[in-house]
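Student:
Number of protein chains: 2
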Amino acid sequence: MNHSKPRAPVDRRRFLNLVGLAGAGAGAVAAGVRPAAAGATPDPDIVNIPGWTQSLGAGVNNHPYGIPSPFEKDVVRREVTWLTASSESSVSFTPLYALDGIITPNGLCFVRHHGGEAEIDPARHRFMIHGMVDKPLVFTMEDIKRMPGRTNRAYFLECAANSGMEWRGAQLNGCQYTHGMIHNVVYTGVPLRAFLEAAGVKPKGKWVLAEGADASAMTRSIPIEKAMDDCLVAWAMNGEALRPEQGYPLRLVVPGWEGNMWIKWLRRVEIGDQPWGQREETSKYTDLLADGRSRRFTFFMDAKSVVTNPSPQAPLRAKGPNVVSGIAWSGRGTITRVDVSLDGGKNWTTARIEGPALPRSMTRFYLDFDWNGQELLLQSRAMDDSGYLQPTKAELRAVRGENSIYHNNGIQTWLVRSNGEAENVEVS
Amino acid sequence: MNHSKPRAPVDRRRFLNLVGLAGAGAGAVAAGVRPAAAGATPDPDIVNIPGWTQSLGAGVNNHPYGIPSPFEKDVVRREVTWLTASSESSVSFTPLYALDGIITPNGLCFVRHHGGEAEIDPARHRFMIHGMVDKPLVFTMEDIKRMPGRTNRAYFLECAANSGMEWRGAQLNGCQYTHGMIHNVVYTGVPLRAFLEAAGVKPKGKWVLAEGADASAMTRSIPIEKAMDDCLVAWAMNGEALRPEQGYPLRLVVPGWEGNMWIKWLRRVEIGDQPWGQREETSKYTDLLADGRSRRFTFFMDAKSVVTNPSPQAPLRAKGPNVVSGIAWSGRGTITRVDVSLDGGKNWTTARIEGPALPRSMTRFYLDFDWNGQELLLQSRAMDDSGYLQPTKAELRAVRGENSIYHNNGIQTWLVRSNGEAENVEVS
Numbered sequence: 001m002n003h004s005k006p007r008a009p010v011d012r013r014r015f016l017n018l019v020g021l022a023g024a025g026a027g028a029v030a031a032g033v034r035p036a037a038a039g040a041t042p043d044p045d046i047v048n049i050p051g052w053t054q055s056l057g058a059g060v061n062n063h064p065y066g067i068p069s070p071f072e073k074d075v076v077r078r079e080v081t082w083l084t085a086s087s088e089s090s091v092s093f094t095p096l097y098a099l100d101g102i103i104t105p106n107g108l109c110f111v112r113h114h115g116g117e118a119e120i121d122p123a124r125h126r127f128m129i130h131g132m133v134d135k136p137l138v139f140t141m142e143d144i145k146r147m148p149g150r151t152n153r154a155y156f157l158e159c160a161a162n163s164g165m166e167w168r169g170a171q172l173n174g175c176q177y178t179h180g181m182i183h184n185v186v187y188t189g190v191p192l193r194a195f196l197e198a199a200g201v202k203p204k205g206k207w208v209l210a211e212g213a214d215a216s217a218m219t220r221s222i223p224i225e226k227a228m229d230d231c232l233v234a235w236a237m238n239g240e241a242l243r244p245e246q247g248y249p250l251r252l253v254v255p256g257w258e259g260n261m262w263i264k265w266l267r268r269v270e271i272g273d274q275p276w277g278q279r280e281e282t283s284k285y286t287d288l289l290a291d292g293r294s295r296r297f298t299f300f301m302d303a304k305s306v307v308t309n310p311s312p313q314a315p316l317r318a319k320g321p322n323v324v325s326g327i328a329w330s331g332r333g334t335i336t337r338v339d340v341s342l343d344g345g346k347n348w349t350t351a352r353i354e355g356p357a358l359p360r361s362m363t364r365f366y367l368d369f370d371w372n373g374q375e376l377l378l379q380s381r382a383m384d385d386s387g388y389l390q391p392t393k394a395e396l397r398a399v400r401g402e403n404s405i406y407h408n409n410g411i412q413t414w415l416v417r418s419n420g421e422a423e424n425v426e427v428s
Numbered sequence: 001m002n003h004s005k006p007r008a009p010v011d012r013r014r015f016l017n018l019v020g021l022a023g024a025g026a027g028a029v030a031a032g033v034r035p036a037a038a039g040a041t042p043d044p045d046i047v048n049i050p051g052w053t054q055s056l057g058a059g060v061n062n063h064p065y066g067i068p069s070p071f072e073k074d075v076v077r078r079e080v081t082w083l084t085a086s087s088e089s090s091v092s093f094t095p096l097y098a099l100d101g102i103i104t105p106n107g108l109c110f111v112r113h114h115g116g117e118a119e120i121d122p123a124r125h126r127f128m129i130h131g132m133v134d135k136p137l138v139f140t141m142e143d144i145k146r147m148p149g150r151t152n153r154a155y156f157l158e159c160a161a162n163s164g165m166e167w168r169g170a171q172l173n174g175c176q177y178t179h180g181m182i183h184n185v186v187y188t189g190v191p192l193r194a195f196l197e198a199a200g201v202k203p204k205g206k207w208v209l210a211e212g213a214d215a216s217a218m219t220r221s222i223p224i225e226k227a228m229d230d231c232l233v234a235w236a237m238n239g240e241a242l243r244p245e246q247g248y249p250l251r252l253v254v255p256g257w258e259g260n261m262w263i264k265w266l267r268r269v270e271i272g273d274q275p276w277g278q279r280e281e282t283s284k285y286t287d288l289l290a291d292g293r294s295r296r297f298t299f300f301m302d303a304k305s306v307v308t309n310p311s312p313q314a315p316l317r318a319k320g321p322n323v324v325s326g327i328a329w330s331g332r333g334t335i336t337r338v339d340v341s342l343d344g345g346k347n348w349t350t351a352r353i354e355g356p357a358l359p360r361s362m363t364r365f366y367l368d369f370d371w372n373g374q375e376l377l378l379q380s381r382a383m384d385d386s387g388y389l390q391p392t393k394a395e396l397r398a399v400r401g402e403n404s405i406y407h408n409n410g411i412q413t414w415l416v417r418s419n420g421e422a423e424n425v426e427v428s
């Protein structure tokens, strides 16, 4: 037994100030137990044992499928109604400021539809492989679940347009809106390769087209190398069936690549010898440069990070010890390092990565720091195992201009004022 | 590009029988696309494009906090009402047969209450450290979230009574009931050690008592070595706030040890020089031996596994390729191997572990196999990195008798009949 074993060093004097035993901001003691020390401000709960201790609570099957505490009712996805013409082709953003760790709960994973949410009867759903194959095949959901090679992988899914409104400057006040088109779950599925091998791809097959069964019939072209590498045909997320808004009963998982390619309500994969040039890879999801030309097939989501706390929706509330928390991810591989700056990029401190750091998965970082009430210009920058370092927005704009909507992975800055409130800003 | 790169070998001939192109059990093709091959049974959906493709679905913020598909309405926790005197002190079981991967969705994590579900206002909740310390301390939830050393860890939580009704023979028909007092989530919290160090544990402090704020004031004694090692004071699970039935706003995480010690609604930790001898560690949660003596402080949950599919709630539905799926876990460390037997333990095949295999976390295994309709006696056995191999029930009973309720980690057997239905049995 070693009480002084160092792992999470704590400055005790600071904590006496943090907690209810040394004056300001303090006072109450644990409900229903005796006061911890003389001098603490009396709390009505010491006399009035709280209701939750006095009487029996709800039974064990209060909710056969559980729901969050009523005190968490504001932690929800939020739609920006002015962003698109209709709610059936819009976005509802993940509340990143209220989340922690690396798993996004299924109920809070951001939603992007192009023709609304298809509600599919899995017994009637079919998945077809056809085109340049030896033998076209059609699968029921039961067939798919009987396929050999099932696996489980944690992957981030980021919309190519995430942070897209920030190309021309700081626009939206909250990481839910600037960076909330991302989620990270563990998928269960079978490699797409297994289906392609079962059908027998002909030698001239170089591209696949994946198509959804929703009203938009979302279609994207994917190079055969990627299809044969790590794509999954997935039916479960975080242990349970896909949610309707995430493609129930079947979606394509395209690790590290832009979210639009992760076809929801997947109904067919066609093999061809060239890309199809669908709307979503020509008029959309191409990167318009300053000179009017467009970059096509910019599939990879490069290394990126954001500080989720503090941020505009989650201000600092007290001086003294505080935690900077954030997420980092890279479509090229594994996050190896995240640095945090408190002064707009002049000085950087390497943050702790806490929790599994898996390839193409969201990674959580923390920086414990002491806040004396000074203004902060808070930034983070991610590095992945390819050696790539997340660029500044200025560096990105120097190469691509400001016309693009997609693939903005520039460094985000939050101005934290001396009252703890935070704001989206840019530093030059 | 290498189309024959081996990872998930598929026998194509078998799949032609599996899918809709080679006769029985086949027929339909992907809705809304052309038939994949001549000879397929016409499907009305080819003519009648399904509704979900014909018209716009719901908008992106249909459910600000998402819910499962209506087609998954039977995937819920289930209570066994005859098990205890009241629902406020009972169990609601995880539907393991319907889940996959290693994450249990928060809404489906099993529930065990002793005084019902406390519904706590986090603004009024306090956490106290006191007893044999230099300085007792009281924390608000905000104080706790400002502590240095925050981390994220995936851990299984298993009730000591999981499989407890099986000591005297096969009783319950379904892994939801025989093994469903387990869940596995990623916790966010601060090491308990940080709080103990902040308070300053006196040299004679050898045990801690953790207490809940619910009506049962659940209390358990924990050795200081464990408290200083890997216990967490946690406020989030799978990225979001703890669910009310899992201890919102604060619970103790005691990795690898029996679930009863993971105090929910955690309000205080007291440091003492000996265990307290509370009800839950004397009359309950002790292991009654054949000779009438009881083993006390049997904290560890030893290596265990169960096949979740097929199982009584999830029969086999077709001959040919099938997947045996299951979970394994060990309170002593990391699962290194899982074997599966189709013949009641005579022959064993090592299964694939798929997905992260993390210490004291649920681990997923699969065995792809070909079913010709023969009867199966399906078993799994887990091994951990301490070298421990999961025992048979006969081996356990030879040592402990049949009086115990707790710590049954014996090998489970499912009889799978030639019609695919499965049943809980024991093999001698």
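As they're listed, the protein sequences go chains A and B.
Everything in the first sequence is counted per the UniProt record's numbering, starting at 1 for the first residue and increasing by one.
Everything in the second sequence is counted per the UniProt record's numbering, starting at 1 for the first residue and increasing by one.
Just so it is clear, CB atoms sit at the ideal spot from N, CA and C, and this is done for glycine as well.
Computed from a predicted model, the values in this text were never measured in an experiment.
#1: From this set, A:Trp207, A:Gly277 and A:Asn152, which residue's C-alpha is nearest tryptophan 235 (chain A)'s C-alpha?
#2: How about tryptophan 257 (chain A) and glycine 331 (chain A): do their beta carbons lie closer than 8 Å?
#3: Just the Cα atoms here: how many angstroms apart are lysine 284 (chain A) and glycine 59 (chain B)?
#4: In three-state DSSP terms, what is glutamine 379 (chain A)?
#5: List the whole-angstrom C-beta distance separating threonine 413 (chain B) from glutamine 379 (chain B), where the pair is believed to meet the contact cut-off of C-beta under 8 Å.
#6: Could you compute how far the alpha carbon of tryptophan 348 (chain A) sits from the alpha carbon of leucine 377 (chain A)?
#7: Are the C-beta of histidine 179 (chain A) and some C-beta of chain B separated by less than 8 Å?
#8: Once you ignore the five residues that flank valine 75 (chain A) on each side, which residues in its own chain have a CB closer than 6 Å to its CB?
#9: Please go through the same chain and pick out, in chain order, the residues whose beta-carbon is closer than 8 Å to the beta-carbon of valine 33 (chain B), but skip the five residues on each side of it.
#10: Can you list, in chain order, the stretches of the alpha helix (DSSP H) that have 4 or more residues and sit fully within the region 91-175 of chain B?
#11: Once you ignore the five residues that flank aspartate 421 (chain A) on each side, which residues in its own chain have a CB closer than 7 Å to its CB?
#12: Along the chain, where does the beta strand (DSSP E) containing tryptophan 52 (chain B) start, and where does it finish?
#13: At a CB-CB cut-off below 9 Å, which residues of chain B make contact with valine 75 (chain A)?
#14: Valine 399 (chain A) by DSSP, collapsed to three states: which one?
#15: Any idea which residues DSSP pairs glycine 272 (chain A) with across the strands?
#16: Spatial neighbours of threonine 282 (chain A) within its chain, please: CB distance less than 6 Å, with the 5 preceding and 5 following residues excluded, ordered by chain position.
#17: Checking 8 Å against the spacing of the C-beta atoms, do asparagine 238 (chain A) and asparagine 106 (chain A) come in under that value?
#18: Classify valine 338 (chain A) as buried or exposed, calling it buried when 16 or more other Cβ atoms lie within 10 Å of its own Cβ.
#19: Taking a cut of 9 Å between CB atoms, which residues from the region 284-305 of chain A lie near chain B?
#20: Could you have a look at glycine 344 (chain A) and say whether DSSP puts it in helix, strand or coil?
#21: When you check each C-beta in the region 323-354 of chain B against every C-beta of chain A, which residues fall closer than 7 Å?
#22: Alpha carbon to alpha carbon, how far is residue 434 (chain B) from arginine 364 (chain B)?
#23: I need the straight-line Cα distance from residue 504 (chain A) to serine 55 (chain A), nearest angstrom please.
#24: Are the region 194-211 of chain B and the region 260-272 of chain B touching by the rule of at least three beta carbon pairs closer than 8 Å?
#25: Between which two residues does the beta strand (DSSP E) containing arginine 220 (chain B) stretch?
#26: Quick check: what's the CA-CA separation for leucine 389 (chain A) versus threonine 336 (chain A)?
#27: Give a yes or no on whether the minimum CB-CB distance between leucine 250 (chain A) and chain B is below 8 Å.
#28: As a quick exercise: from B:Ile129, B:Val340, B:Phe93 and B:Ala170, pick the residue whose alpha carbon is nearest that of leucine 157 (chain B).
#29: Sorted by chain position, which residues of the same chain lie with C-beta nearer than 7 Å to histidine 162 (chain A)'s C-beta, five sequence neighbours on each side aside?
#30: Using Cβ-Cβ distances below 8 Å, what residues of the region 145-171 of chain B are close to chain A?
#31: By a C-beta neighbour count over all protein chains shown, 10 Å radius and 16 as the cutoff for buried, is glycine 115 (chain A) buried or exposed?
#32: Starting from residue 429 (chain B) and walking both ways along the beta strand (DSSP E), at which residues does that stretch end?
#33: Assuming asparagine 61 (chain A) contacts arginine 77 (chain B) (C-beta within less than 8 Å), just tell me the rounded distance between them.
#34: Is the separation between the beta-carbon of lysine 346 (chain B) and that of tryptophan 329 (chain B) shorter than 8 Å?
#35: Indicate whether at least one CB of chain B lies closer than 8 Å to the CB of threonine 308 (chain A).
#36: Using a Cβ cut-off of 8 Å (strictly closer), state whether valine 60 (chain A) contacts chain B.
Tutor: Taking the geometry as given:
#1: A:Asn152
#2: yes
#3: 20 Å
#4: strand
#5: 5 Å
#6: 12 Å
#7: no
#8: Pro95 and Ala98
#9: Because the pLDDT of valine 33 (chain B) is 34, which lies under 50, any placement of that residue in the model is unreliable, and the question is left without a value.
#10: 141-145
#11: Rather than aspartate, the amino acid found at residue 421 (chain A) in this sequence is glutamate. Correct list, in chain order: Pro315.
#12: No beta strand (DSSP E) holds tryptophan 52 (chain B); the alpha helix (DSSP H) holding it covers 51-54.
#13: Tyr65, Glu240 and Ala241
#14: helix
#15: A:Trp207
#16: none
#17: yes
#18: buried
#19: none
#20: coil
#21: Val323 and Glu354
#22: Past the edges of chain B, shown from 1 to 428, lies residue 434 (chain B), and the structure says nothing about it.
#23: Summary: the structure shown does not reach residue 504 (chain A), with chain A confined to residues 1 through 428, and so no result is reported for it.
#24: yes
#25: 219-223
#26: 10 Å
#27: no
#28: B:Phe93
#29: The question names histidine, but residue 162 (chain A) in the sequence shown is asparagine. The answer, listed in chain order, is His179, Met181 and Ile182.
#30: Lys145, Arg146, Met147, Pro148, Gly149, Arg150, Thr151, Asn152, Arg153 and Ala154
#31: buried
#32: Because chain B here runs from 1 to 428, residue 429 (chain B) falls outside it and cannot be looked at.
#33: 6 Å
#34: no
#35: no
#36: yes
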